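Scroll down for the structure; my scribbles are underneath it.
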């Protein structure tokens, strides 16, 4: 893991939480979706906040693809979960939602899990790749 | 009733997102490190390689289902509940699917993180 890869993970967190908050801001203008008229949700695509959310989430997707190309899925998902803290902060201060102490505790526990998993290896080494590396090391030793 | 509807929408987000994540990860592993590919062949080659990958296209279908479920759930509940709850449960389900389908080494560290996230999600309710 180098500095550039940590920046990619940081960008995944920032784009993800900002995108979710923008979508919620847009859906606040639109009102509740009626289950009997599910296509109402398509009309939300004309809302500028929803459109801005989609643009930001495209940035999220690009950085997420980049991260998945060099790390395991079971590493990338928790490693970028600090975005939950971001979305909770945006929910409280940007959308003026009520965030109870229990929710803050939930966010804290999620963040602890995230912090722990990021200290582990990012990529699973397959047995075939591992044996190739060992073979190469043995050849070096013989030489 | 509204709570049941909300959690049903969240469950649909989780299933669609986890399936999409696994397919996307499989696609990106087949392609390899995007930065190295960009240095070798340029940005347009990266885009062409990604969009021609069939697992990537299947993942997009799953994400479309997840996205519209997310919009619906956000119209019913707070962003500070819907986004963390769906995303963190997606993490747990994706870890299980990554172990089964992608043969990833989900070690004790990653499972422990999954348990912490599960407790965190329960508190978010």
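Residue numbers (my numbering), protein chains in the order written: chain A, 4 to 146; chain B, 14 to 138. Beta carbons are placed, not taken as given, at the ideal position from N, Cα and C, and that holds for glycine. Small disclaimer: the values here were computed from a predicted structure and weren't measured.
So residue 16/A and residue 89/A are supposed to be a Cβ contact under 8 Å. How far apart are they, rounded?
Residue mapping note: residue 16/A aligns to position 13 of the first chain, counting from 1. Residue mapping note: residue 89/A aligns to position 86 of the first chain, counting from 1. Here residue 16/A really is in contact with residue 89/A; their C-beta atoms are around 6 Å apart, less than 8 Å.
Fill in: chain A contact residues for residue 87/B, given Cβ-Cβ distances below 7 Å
The residue labelled residue 87/B in the question sits at position 74 within the second chain. Contact annotation for residue 87/B against chain A: 26, 27 and 30 [CB-CB distance below 7 Å, chain order].
According to DSSP, is residue 83/A helix, strand or coil?
In the first chain, residue 83/A corresponds to position 80, counting from 1. The three-state secondary structure of residue 83/A, taken from DSSP, is coil.
Requested in this report: Could you have a look at residue 117/B and say whether DSSP puts it in helix, strand or coil?
Outcome: The count along the second chain starts at 1 and reaches residue 117/B at position 104. Three-state result, residue 117/B: coil.
_Whole-angstrom distance between residue 66/A and residue 97/B, CA atom to CA atom_ = One-based indexing of the second chain puts residue 97/B at position 84. One-based indexing of the first chain puts residue 66/A at position 63. Spanning the two alpha carbons is a distance of roughly 19 Å.
inquiry  = Starting from residue 113/A, trace the alpha helix (DSSP H) in both directions and tell me its first and last residue.
reply    = Mapped onto the first chain, residue 113/A falls at position 110. It spans 104 to 120 - the alpha helix (DSSP H) in which residue 113/A sits, taken as one unbroken run.
inquiry  = For residue 41/B, count the other beta carbons within 10 Å of its own beta carbon; 16 or more makes it buried, fewer makes it exposed. Which is it?
reply    = Here residue 41/B corresponds to residue number 28 of the second chain, with the count starting at 1. Under this definition residue 41/B is a buried residue.
Please classify residue 82/B: does DSSP put it in a helix, a strand, or coil?
On the second chain, residue 82/B is found 69 positions in, with the first residue counted as 1. Looking at residue 82/B - three-state DSSP - the assignment turns out to be helix.
Handout entry: Proximity below 8 Å, CB of residue 114/A to CB of residue 45/B
Key = The residue you call residue 114/A lines up with position 111 of the first chain. The residue you call residue 45/B lines up with position 32 of the second chain. Between residue 114/A and residue 45/B, the C-beta gap is not smaller than 8 Å, which leaves the two residues out of contact.
- Query: Looking at the unbroken alpha helix (DSSP H) that takes in residue 127/A, where does it start and where does it end?
  - Reply: Position 124 of the first chain, counting from 1, holds the residue named residue 127/A. For residue 127/A, no alpha helix (DSSP H) run applies, since DSSP gives it neither H nor E.
* Asked: Cβ of residue 127/A less than 8 Å from any chain B Cβ?
  -> As a first step, residue 127/A is located in the first chain; it is residue number 124 there, counting from the start. Interface annotation, residue 127/A: in contact with chain B, CB-CB separation under 8 Å.
In chain A, which residues lie with their C-beta within 7 Å of the C-beta of residue 113/B?
-> The sequence position of residue 113/B within the second chain is 100, counting from 1. Simply none; closest approach about 11 Å.
Taking residue 35/B as the query, report the chain A residues whose CB atoms sit under 7 Å from its CB, ordered along the chain.
Along the second chain, one-based indexing puts residue 35/B at 22. In chain order: 76.
Practice task
Pair every Cβ in the stretch 88 to 97 of chain B with every Cβ in the stretch 53 to 61 of chain B, then say whether three or more of these pairs are closer than 8 Å.
Solution key: Of all C-beta pairs linking the stretch 88 to 97 of chain B to the stretch 53 to 61 of chain B, fewer than three are shorter than 8 Å, placing the two stretches out of contact.
- Item | Proximity to residue 22/A [Cα-Cα], best of 99/A, 107/A, 87/A and 126/A | Stepping through the first chain from its first residue, residue 22/A is reached at position 19. Distances from the alpha-carbon of residue 22/A to those of 99/A, 107/A, 87/A and 126/A put 87/A closest.
**OP:** Determine whether the Cβ of residue 69/A lies closer than 8 Å to any Cβ atom of chain B.
**Re:** In the first chain, counting from the first residue as 1, residue 69/A sits at position 66. At least one chain B Cβ lies under 8 Å of residue 69/A.
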